[in-house]
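Residue numbers (our numbering): -3 to 170. Glycine included, every Cβ here is placed at the ideal spot set by N, Cα and C.
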């Protein structure tokens, strides 16, 4: 005879299974990913198959899959230092956390190594951090949430790969 589990118990069991499998789990309670609602522009791109808008498509190609055209943003190494992604919304949004996923579908070193976050390009960044090379989510939590219509991510430094970029960038209020 099987045992029936309630919803809370099933979620708990699923979490235990994920943790036992070594999965990275990030819970964002009652917070919408704001990135897909934004108009996204980039300072450069490798080709039309690697546009900035692909950072908000909820797709993260597997590491070393060699399959990321139409799924990620990247640009040639010669354009990487100071590269930017700009997210614009028609109405102000509140931003408290950004989750960056580096590009690892071809080479392990096609990531950015630093990020600066701006709500006004004429003002100092509201947040800056080093990024780790490799696959997986990197949460960037602002000290204080900000309300804005525009968010610029500037990448001062990239790893050594030929086409650094981002697989996904998620933007949350909390």
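(message) Considering only the alpha carbon of each residue, which of 82, 161 and 143 lies closest to residue 109?
(response) 161
(message) Going by DSSP in three states, residue 10 sits in which element: helix, strand or coil?
(response) Confidence is the limiting factor: at residue 10 the pLDDT is only 37, short of 50, which leaves the residue's position unreliable, though a coordinate-based value still follows. Helix at residue 10.
(message) Just to confirm my understanding: we take residue 18, look at its own chain, exclude 5 residues before and 5 after, and list those with CB closer than 6 Å. What are they?
(response) Note that residue 18 has pLDDT 49, beneath the 50 cutoff, so the model's placement of it is unreliable and no number is given.
(request) Starting from the C-beta of residue 75, find all residues in its chain whose C-beta is less than 6 Å away, skip the five residues before and the five after it, and write them out in chain order. (result) Within the same chain, residue 75 has close Cβ partners 40.
(message) Is the beta carbon of residue 94 closer than 8 Å to that of residue 127?
(response) no
(request) Can you grab the Cα-Cα spacing for the pair residue 90 / residue 114, in whole Å? (result) 13 Å
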